Structure formats: structure tokens, C-alpha cells
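*Asks:* Structure in C-alpha cells, see below.
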Amino acid sequence: MAGNPLLSDRDVDFVLHDLLDVGSLCRLPHFRDHSRETFELYLRSARRLAREVLYPSYRAVDEAPARLQGGAVTVHPALREIYPQLVALGTIAAPRPAEVGGQQLPHVVAAAADLYLMAGNLSATSFLGLTAGAGHLLESFGTEELRRTYMARMYSGEWSGTMALTEPQAGSSLGDVRTRARPTPAGHHLLDGAKIFISGGDQDLTGNIVHLVLARIEGAPPGVKGISLFCVPKLRPEAGRLVPNDVKVSGLIHKIGWRGFPSVVLSLGEEGDCRGWLVGQAHQGLAHMFQMMNEARIMVGCHGVATAAVAYQESLEYARTRPQGRPLASRDATRPQVPIVAHADVRRMLLRQKAIVEGGVALVLTVAHQADLAGHAEAPEARARAQRLLDLLTPVAKSFPAEWGFESNALAVQIHGGYGYSSEYLPEAWLRDQKLNSIHEGTTGIQGLDLLGRRAVADQGAGLRTLLEEIGSAAAQARQAGVDPAWPAAVERAGAALAETTMALAKKGLSGDAEGMLLHSTDYLRAACILVVSWLWLKQAAVAQAGLARDAASRPFHEGKLCAAQYFICTELPDLERLLRLCRDGEDSYGRMREEWF
Amino acid sequence: MPLKILVTVKRVEDPESKIKVKPDGTGIVTDGVNYKMNPFDEIGVEEALRLKEKHGGEVVVASIGGDKSITEIRSALAMGADRGVLLKHEGALDPLLVSALFQKLTEQEKPDLVLLGKQSIDDDQNQTGQILAERLAWAQATFASKKESLESEAEQKKQPGLVLSADGKKMQVVREVDGGVETLEVSLPAVVTVDLRLNKPRFASLPGIMKAKKKEVKEIATASLGVELQPKVVVKKLFEPPKRAGGAKVADVPELWKKLHEEAKVV
Numbered sequence: 032m033a034g035n036p037l038l039s040d041r042d043v044d045f046v047l048h049d050l051l052d053v054g055s056l057c058r059l060p061h062f063r064d065h066s067r068e069t070f071e072l073y074l075r076s077a078r079r080l081a082r083e084v085l086y087p088s089y090r091a092v093d094e095a096p097a098r099l100q101g102g103a104v105t106v107h108p109a110l111r112e113i114y115p116q117l118v119a120l121g122t123i124a125a126p127r128p129a130e131v132g133g134q135q136l137p138h139v140v141a142a143a144a145d146l147y148l149m150a151g152n153l154s155a156t157s158f159l160g161l162t163a164g165a166g167h168l169l170e171s172f173g174t175e176e177l178r179r180t181y182m183a184r185m186y187s188g189e190w191s192g193t194m195a196l197t198e199p200q201a202g203s204s205l206g207d208v209r210t211r212a213r214p215t216p217a218g219h220h221l222l223d224g225a226k227i228f229i230s231g232g233d234q235d236l237t238g239n240i241v242h243l244v245l246a247r248i249e250g251a252p253p254g255v256k257g258i259s260l261f262c263v264p265k266l267r268p269e270a271g272r273l274v275p276n277d278v279k280v281s282g283l284i285h286k287i288g289w290r291g292f293p294s295v296v297l298s299l300g301e302e303g304d305c306r307g308w309l310v311g312q313a314h315q316g317l318a319h320m321f322q323m324m325n326e327a328r329i330m331v332g333c334h335g336v337a338t339a340a341v342a343y344q345e346s347l348e349y350a351r352t353r354p355q356g357r358p359l360a361s362r363d364a365t366r367p368q369v370p371i372v373a374h375a376d377v378r379r380m381l382l383r384q385k386a387i388v389e390g391g392v393a394l395v396l397t398v399a400h401q402a403d404l405a406g407h408a409e410a411p412e413a414r415a416r417a418q419r420l421l422d423l424l425t426p427v428a429k430s431f432p433a434e435w436g437f438e439s440n441a442l443a444v445q446i447h448g449g450y451g452y453s454s455e456y457l458p459e460a461w462l463r464d465q466k467l468n469s470i471h472e473g474t475t476g477i478q479g480l481d482l483l484g485r486r487a488v489a490d491q492g493a494g495l496r497t498l499l500e501e502i503g504s505a506a507a508q509a510r511q512a513g514v515d516p517a518w519p520a521a522v523e524r525a526g527a528a529l530a531e532t533t534m535a536l537a538k539k540g541l542s543g544d545a546e547g548m549l550l551h552s553t554d555y556l557r558a559a560c561i562l563v564v565s566w567l568w569l570k571q572a573a574v575a576q577a578g579l580a581r582d583a584a585s586r587p588f589h590e591g592k593l594c595a596a597q598y599f600i601c602t603e604l605p606d607l608e609r610l611l612r613l614c615r616d617g618e619d620s621y622g623r624m625r626e627e628w629f
Numbered sequence: 021m022p023l024k025i026l027v028t029v030k031r032v033e034d035p036e037s038k039i040k041v042k043p044d045g046t047g048i049v050t051d052g053v054n055y056k057m058n059p060f061d062e063i064g065v066e067e068a069l070r071l072k073e074k075h076g077g078e079v080v081v082a083s084i085g086g087d088k089s090i091t092e093i094r095s096a097l098a099m100g101a102d103r104g105v106l107l108k109h110e111g112a113l114d115p116l117l118v119s120a121l122f123q124k125l126t127e128q129e130k131p132d133l134v135l136l137g138k139q140s141i142d143d144d145q146n147q148t149g150q151i152l153a154e155r156l157a158w159a160q161a162t163f164a165s166k167k168e169s170l171e172s173e174a175e176q177k178k179q180p181g182l183v184l185s186a187d188g189k190k191m192q193v194v195r196e197v198d199g200g201v202e203t204l205e206v207s208l209p210a211v212v213t214v215d216l217r218l219n220k221p222r223f224a225s226l227p228g229i230m231k232a233k234k235k236e237v238k239e240i241a242t243a244s245l246g247v248e249l250q251p252k253v254v255v256k257k258l259f260e261p262p263k264r265a266g267g268a269k270v271a272d273v274p275e276l277w278k279k280l281h282e283e284a285k286v287v
């Protein structure tokens, strides 16, 4: 292998075909123009673009972040060469319907390709990911005029898109958004306010930037029920040309990671001429935006997996080639040193990375697959079932890769030893990139509140019941394949324990004790992450065990899968019990703690 | 002056996969091995597309192999080629046979130019293009390259490296030779084999992949072409090169001589 492979092709193919059987999606009418061949050709192009074009520029882009000069952001020159190639690949509108210029590619295949591109150069791909999300918002809620003027140019990559939600005083708390929108007789609104942390909020890659902005129409009710969504271009079309729309860049954030992807402070309407066009219904902005946020959360999960994956591949190669020390059993100093992978503790770290990375690949692709089924399965019940799982698993798909991925990235630094702590080597850069994933698109804390406070208890726990059914069938499949029976038993027990704890906490909430119910929501989220990934490892173990009996040549691959499954189920899953006990017992150290006692 | 160009594409093992020889030496372990279009052929496809973009015409891609070789044809169609031909064949072939089959196809298709990779990266024989030209009695130019670098403006603008004369009857080919490049002119129709530094091939885009599904791929059974399909070169056995033994220090010249004489048997 010439360079870092970013992800294991064998593993991605295993998840797509052996675990999820994505080829069967082509039987659904929506995907009938596709086949395994179109999937393979697209993945091939993405893999090569990622390895040959994106990855080689990663370090340079990280070392020289975007600059703000004279009110305009200049991105790294390498990005100007990469961007048109990413656009040409067709990632932006890949999963969108043909009538809006998309290719109706299943999300699961699009996500697999995205993993490579993200692992190659996260910053470079992020411009397109946000554009896709913003374009989709216009597709769903925009008027015909907005779709024609903006969406089409965004899907073609000519213009880019952003989501402009956050304000200095309103980050996680979007109900406190203050940007104002004043209606005009001409039909548009005049906006006035400040937005912060706007990723891709300015750049010199595209001819225009279309901001999807949350703002409050004059006289709107307070809180989340008074927020509307607006399309606010950097340049607005007027009499056949583009003129400035009074959107100014007032600052550039100096970030520790994703350094090629500029994050800016935007000032809207300083001169009273910032025009915005209402998207969807007035006061429904947050509800509309949630469509994009759910997609964005899954995308962040992919970022996390990709960032952990590329670092895992780097540390794996390093461990195989770095000679250091001798086996514990024979310390003969005249013998040559062994590569560090020969040491059990290094294999512990590598196997933990493998369990997190490949568990994460299975997780994000499973969720993307559920999105395909929720949208396009033939039977309404199948669509509803997939939607229930998708809703339940979204916070997990966002948080597991971010949280466990960070640990995995730290292990990549650890395996590199002193070199890993040096900026001469790349693992520290990926560690910095990874940290954002537990912060943006709803922090881990927000995801915990969302999971326990809304999704797990919605519809009397219907999502959780569906998950338990899935766990039951994976357990049966594992037993039948001859997997160690202790593993399915442990995962089933964990599923029952999570369900029981959920009921107890829901009861607490219903009795009026919302604080008590949600005190340990982050621990609850962690327990749910462990359960879901254990389920996916059990499924992978069942397929690997069956493969072991059938296919001698793939033995090393399947043995590796079984070791990783064993690692996760035997060393990670037991933590679920401890986390659930904290939730149930309401351990109250930080509940009681007061600000002045710190 | 529109050009009709025939480009050959071969399905080969991806060199980034771990290639292992089967214990019995009859072939390689195919499990876990990815396949791709021969990279030299990909450069041929790219050059053909650039020539077509400049001069107009048609790009036909052809492969010899089993059903799976259609994927490589589709890959070229997804890059932008117009149609494909699969000469359907299972089993071993050698360059003599491959060139004989392409000769038949060339006679059917009557292109102005046949582009081939200078060699395929699986067994690196570097013979098919040359033998094909000889069989057709056409001009040939091998190892086509260009003077400009792959970072040059000409490359950024995706200009073809092969230069068609104004009357459309000749083609100028810059070819790599030991110690530099030389420029040849061939009369059309001609066979040109391409080298690595001719261009940077484009990636197949998703819209291109979807369009390729609707393009024609004709299948022709090799048995129907009137070529005696008995290879003259047969692979008897595959084996890994012997592992290099470590070096050793010797105490003095007599010991060195002894080792060279008795172990290495070179003196």
C-alpha cells in the first residue's frame, strides 16, 4: 500500500454487502436504476479521489488555515484544485431524486463513499456536505422560485450553502435567537443580526454562498415557536446580475481542527439592505431546520468514524513496522527487536481502535440504510419500522463516533509514542479534528437529553421495542452460526436492562421529576451507544462465524472480526450495567453540588 | 476532422490489494482482491476522450474477458466513452492471441486510431500493441507521453498529448525513450500505446456512471472470430521470489573466499 488506505475496503464491502445486503435495495422502485455495479463504480471513484487527491493535501491544509483579509475569506489554494473534482464526482446531489438533478443513490452507498472522502480530507469535503443539507431544505420547503434560483445551483456545486443558526447568546439554546426579520411589501424580509460559528460562511471557492438563516419575524411569539427560516444569499440576483446582499464577514474563528474549513462571524443588515426570503412557513423555522439537523447529525457521525478510521490505519501501519523491544518470554538482547504489534498491550489498543472504527462504520451505514428504507421501502409498515429505528438511533450515530472516536484517536497518538505527541506526525491533527464532533450539531449533552427526554420515550418506547426485536433476531442468528453463546446472552440482557431503566426513568418524568429523570442523560446515552454497537458487533460476529465455516481463504478477516466482536462485548458492554445503575439510582453528586462549592 | 478511436481496457488485480500466490502455485488467491481497469488503459481512455473533445468522433472501448470485465467497460463508459464491446472469453490467453482477437475487432470497427496501455500491470508483458500493429500492418508508436509535466497548464486544460495534423491524416506522438523523449509522426490509421506521463485520467462521476448504464455494450463470443484460441505461452507455475537471506560479516579474506566459493558458488 502506497499510503494510508483511509479505511479498509474489505471492511466497508463486508458491511455493505454481507451485513446490510445493500444490493437488495435495487429491487425497490426508487433505486431501480442502480445495481451493485453502479455502487462499485461510484465507490471506486470516491476511494481514488480520496486517496490520490484529498489525502495528499491534508497536512498542507491543516498547517495553513483559511485567512480573512479585507472582509473576505481566502481558503487554502489546494482546496481550489480539490473542490471542482469533488463537485464533478457528483456527491452533493447523489441521493436526491432525479427530478431535482440527483441520482437517487441510496444514502447507505453515498455515506460509504463519503467516509473515504472525509477520511482523506475532512475540511475539503465539508463545503459539499453543508451545501447538500442546505439545498435539501430548499428542496423540501422552498418556493418554486427559490428552488430554481438557488437549489439547482447548489446541487450543481456552482454555489454553496450554509446553516446559520448560532448567535453569540444562542448556541445550544436556539429559542433565544435574536436576528430580526422585517417584512416588506415586495415580499422579501429585511434581516438584521449577528451569527457566529458559521462553517463555510465565507470562502473563495464558489460564485455565491446561500445562508439558511434562523431569524425572528417582527412580532413573533417568544421562544422556539417564533423562529422562521430564511434564504439569505451573500449575493442576490438583481436585474440579471449578482449584487452584494449586505452580508458581512466580521470575524474568522481560529480553530484547533478542521482548519481548512473556515468558520466565521456574520453580520447581517449593517446597512439595512440584507434581504431574506422566507423558507417554508413563518414561525416553523426550527421544525424545518430539524430535517437538516437530523441529516447533519448522521453526517457528523460519519465525520467521527472517518477521522477515527484514518488514524487507526496510520497506527496499525506504524505498529507493524516500528521495531521496539523483545517478547516478554525471551529478552535476549542479541535478537532483533520485534515490531510493536507483537506486544499484547499494543494489540489491546489496536483492537480497541478496530472495535470502535468498524463498529462505527457498521453504525453509520446501518442508520443510513434505515433512512433509505424509511423513505423508500414498499410496505408502509416497513417504512414506519425503519423510521422508528432511524429516530432512535440518530443521537447514537452522532455521539458514539464522536466520543469513542476521540478515544480511538487518542490511542493512535499513544501507539505512536513520543512521535505521536509531535506535530511531525499526523495523529495529533486527527485528534484535534475529532474533538469538534462532540460539540457541533448538538453537543453530547444535548444528544443525551434528546435521546432520553424525547426519542426513547416517544410513542411508549416504540423505537426501543423495535431495537429489542432487532437484537433478538441478531442473537438468534449468532446462536445459529455457532457464535459463543455468552455473547448473544449478554447483548440480550443489556437490551432488557436498558428498556427497564428507560421505563423507570419515564415514570420519574411522568411524576413531574424531569430533573431526576434527566440527571444522568449523558450516562444513559453512553449506555445506549454501548448497547447499539454491541448489537452491531453481534451481527457482524454471526456473519463472520458463518463465513469462517464456509470460506477458508477469508479466515484472517473473519477471525479479526470475531476478536473485535469479543473485545467489544466482553470489555465494553459490561460498562452498561454501571451506567444504568447511575441512571436508576440517581447518583446525585453533581445534582447536589452548588456553584459556590466549586 | 472527427476521429474514431478504439481503446482497449483490461480488468486487472488492484495492486493495492495484498496479492498472494496459492500454495499449489496454480494462480493467486483471489479472495479479498479488488479489481480495476489497468491503469495504463485508463490513460488510453482519457487520451481518447480528450481527442474526441477536441476533434469530435467516437470512442469505442473493448475488453476481452468474462462477464466481470463489463465492469471495466462500464467504468470507461462512465468516464465518457460512447460504447463498448466485450470479446467474451474465459481462460488463459497470451499477447499473440489477444492481438489476434483485437485485430479481428479492429477490422470490424475500422477505427482511425487504436489506443492501448503500453502493458497491463498484472503480467507486464508489453507486447500486445506492437503485435497488433504488425498484424494490421499499421504504423505504430509506443510509450506515448508528452513534454509538458502533469502539473502543466496544458494538463490542467485537459489538452490531448497526441497531436493530429491539420489534414487529419497524421498524428504526432511524443514517446518516452531512455534518457528523454523523442517525437514521431505516424500515418493514420495507427496503433499507439500509452505511458504513465501522458495524462492524469479523470474519475468516473456518479452522473457519468448512471449515463453509462444506458450505453451499448456489445458482446461477441471469441470463438466466433475465427481465431485458433490455443495460447503458445502457458503459465506453468507461480511462486514468490525467494526471500533475501540476511548478510553476514566475515573475519578475513580467506573466509570470504570460502563463502563465495562453497556457498554462493560464484568463484
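Protein chains in written order, with the working numbering: chain A, 32 to 629; chain B, 21 to 287.
For every residue, glycine included, the Cβ atom is placed at its ideal position computed from N, Cα and C.
The structure displayed is predicted, hence computed values, not measured ones.
1) By Cβ distance below 6 Å, which residues in the same chain neighbour A/Ala433 in space, the five residues on each side in sequence not counted?
2) Would you tell me roughly how many angstroms separate the C-alpha atoms of A/Gly448 and A/Val104, rounded to the nearest one?
3) On the premise that A/Asp40 lies in contact with B/Asn54, defined as a C-beta separation below 8 Å, what is that separation, rounded to the nearest angstrom?
4) Relative to the alpha-carbon of A/Ser66, which residue among B/Ala232, B/Pro251, B/Ala268, B/Pro221 has its alpha-carbon at the smallest distance?
5) If you draw a straight line from the C-alpha of A/Ile446 to the C-alpha of A/Gly271, how long is it?
6) Would the stretch 414 to 426 of chain A and the stretch 324 to 334 of chain A be scored as touching if the rule is three or more Cβ pairs under 8 Å?
7) Using 8 Å as the limit for Cβ to Cβ distance, is A/Thr365 near chain B?
8) Tell whether a beta-carbon distance below 8 Å holds between A/Leu120 and B/Ser225.
9) Could you pull out every residue in the same chain whose Cβ sits closer than 6 Å to the Cβ of A/Glu618, ignoring the five residues on either side in sequence?
10) Listing by chain order, which chain A residues have their CB less than 8 Å from the CB of B/Pro227?
11) Leaving aside the five residues before and after A/Leu236 along the sequence, list all residues of the same chain whose C-beta is less than 8 Å from its C-beta, in chain order.
12) Can you check which of these residues, B/Val201, B/Pro261, B/Arg31, B/Gln250, is closest to B/Thr162 by C-alpha distance?
13) Buried or exposed for A/Arg609, please, with buried defined as at least 16 other CB atoms from any protein chain shown within 10 angstroms of its CB.
14) If you reduce the DSSP assignment to three classes, tell me which class B/Met57 lands in.
15) Under the rule that 16 or more other beta-carbon atoms within 10 Å means buried, what is B/Ala271, buried or exposed?
16) Determine the chain B residues that contact A/Phe588 at a beta-carbon separation under 8 Å, and present them in chain order.
17) Pull up the DSSP beta-bridge partners for B/Thr213, would you.
18) What residues from chain A crowd round B/Val49, counting only those whose CB sits closer than 8 Å?
19) Could you check the C-alpha separation between A/Met548 and A/Ala183 for me, to the nearest Å?
20) Against chain B, with Cβ distances strictly below 8 Å, would A/Arg79 count as a contact?
21) Name the chain B residues whose beta carbon is nearer than 7 Å to that of A/Thr69?
22) Determine whether the Cβ of B/Phe223 lies closer than 8 Å to any Cβ atom of chain A.
23) Would you list the one or two residues that DSSP bridges to A/Lys226?
24) Please give me, in chain order, every unbroken run of the alpha helix (DSSP H) with length at least 4 that falls completely inside the stretch 512 to 585 of chain A.
25) For A/Leu631, count neighbouring C-beta atoms within 10 Å of its own C-beta (all shown protein chains included) and say buried if the count is 16 or more, exposed if not.
26) Within 8 Å (strictly less), CB to CB, does A/Cys614 reach chain B?
27) Taking the beta strand (DSSP E) that A/His314 belongs to, which residues open and close that run?
28) Exposed or buried, what is A/Ile287 when buried is set at 16 or more other beta-carbons lying within 10 Å of its beta-carbon?
29) By alpha-carbon positions, which one of A/Gly151, A/Ala77, A/Thr210 ends up nearest to A/Asn35?
30) List, in order along the chain, the chain B residues whose C-beta lies closer than 8 Å to that of A/Arg75?
31) Residues of chain A with CB under 7 Å from B/Ala98, in chain order?
32) Under a CB-based cut-off of 8 Å, is B/Thr203 close to chain A?
33) Considering only their Cβ atoms, is the gap separating A/Leu273 from A/Ala195 smaller than 8 Å?
34) Starting from the beta carbon of A/Asp145, find every residue of chain B whose beta carbon is closer than 8 Å, and list them in chain order.
35) Would B/Val136 pass as a contact of B/Thr213 if the rule is Cβ separation under 8 Å?
36) Any idea which residues DSSP pairs B/Ser83 with across the strands?
*Replies:* With the structure as the only source:
1) Excluding sequence positions up to five before and after A/Ala433, its CB lies within less than 6 Å of the CB of Gly335, Asn468, Ser469, all in the same chain and listed in chain order.
2) Those two C-alpha atoms are separated by around 37 Å.
3) The beta-carbon separation of B/Asn54 and A/Asp40, rounded to 6 Å, stays under the 8 Å limit for a contact.
4) Considering only alpha carbons, the answer is B/Ala232.
5) Approximately 58 Å between the Cα atoms of the pair.
6) They touch, by the three-pair rule.
7) A/Thr365 is outside the set of residues whose beta carbon lies under 8 Å from a beta carbon in chain B.
8) Yes, they are a contact pair.
9) Contacts found: none.
10) Against B/Pro227, the close residues of chain A are Gly121, Gln134, in the order they occur along the chain (beta-carbon pairs closer than 8 Å).
11) Only residues of its own chain outside the window of five on either side were considered, and among them Val106, Leu110, Arg111, Tyr114, Phe158, Ser191 have a CB closer than 8 Å to the CB of A/Leu236, listed in chain order.
12) Nearest C-alpha to B/Thr162: B/Val201.
13) Classification of A/Arg609: exposed, given that the 10 Å Cβ count is below 16.
14) Here B/Met57 sits in strand by DSSP.
15) With fewer than 16 other Cβ atoms inside 10 Å of its own Cβ, B/Ala271 counts as exposed.
16) Scanning chain B for C-beta atoms nearer than 8 Å to the C-beta of A/Phe588 yields Gly52, reported in chain order.
17) In the DSSP output, where bridge partners are listed per residue, B/Thr213 has B/Leu136.
18) The contacting residues are Ala584.
19) Their Cα atoms are separated by approximately 46 Å.
20) So, interface residue.
21) Under the 7 Å cutoff, chain B gives Ile229, Met230, Lys233.
22) With its beta carbon less than 8 Å from one in chain A, B/Phe223 belongs to the interface.
23) Within the DSSP secondary-structure output, A/Lys226 pairs in a beta bridge with A/Leu297.
24) Note on the stretch 512 to 585 of chain A: whole alpha helix (DSSP H) runs with a minimum of 4 residues are 517 to 541, 545 to 549, 552 to 581, in chain order.
25) Residue 631 of chain A lies beyond the residue range present for chain A, which begins at 32 and ends at 629; the question has no answer from this structure.
26) Not closer than 8 Å to any Cβ of chain B, the Cβ of A/Cys614 fails to qualify, so no.
27) Counted as a single uninterrupted DSSP element, the stretch harbouring A/His314 is not any beta strand (DSSP E), since DSSP gives it neither H nor E.
28) Classification for A/Ile287: exposed.
29) With distances taken between Cα atoms, A/Asn35 lies closest to A/Gly151.
30) Within 8 Å Cβ-Cβ: Lys56, Ser95, Ala224.
31) From the beta-carbon of B/Ala98, the residues of chain A found nearer than 7 Å are Leu72.
32) Under the Cβ criterion of 8 Å, B/Thr203 is not counted among the residues facing chain A.
33) A distance of 8 Å or more separates the beta carbons of A/Ala195 and A/Leu273.
34) For the C-beta of A/Asp145, not a single chain B residue is nearer than 8 Å; the gap to the nearest is close to 12 Å.
35) Val is not the amino acid found at residue 136 of chain B; the sequence shown has Leu there. Yes, the Cβ-Cβ distance between B/Leu136 and B/Thr213 is below 8 Å.
36) According to DSSP, which records beta bridges pairwise, B/Ser83 is partnered with B/Leu106.
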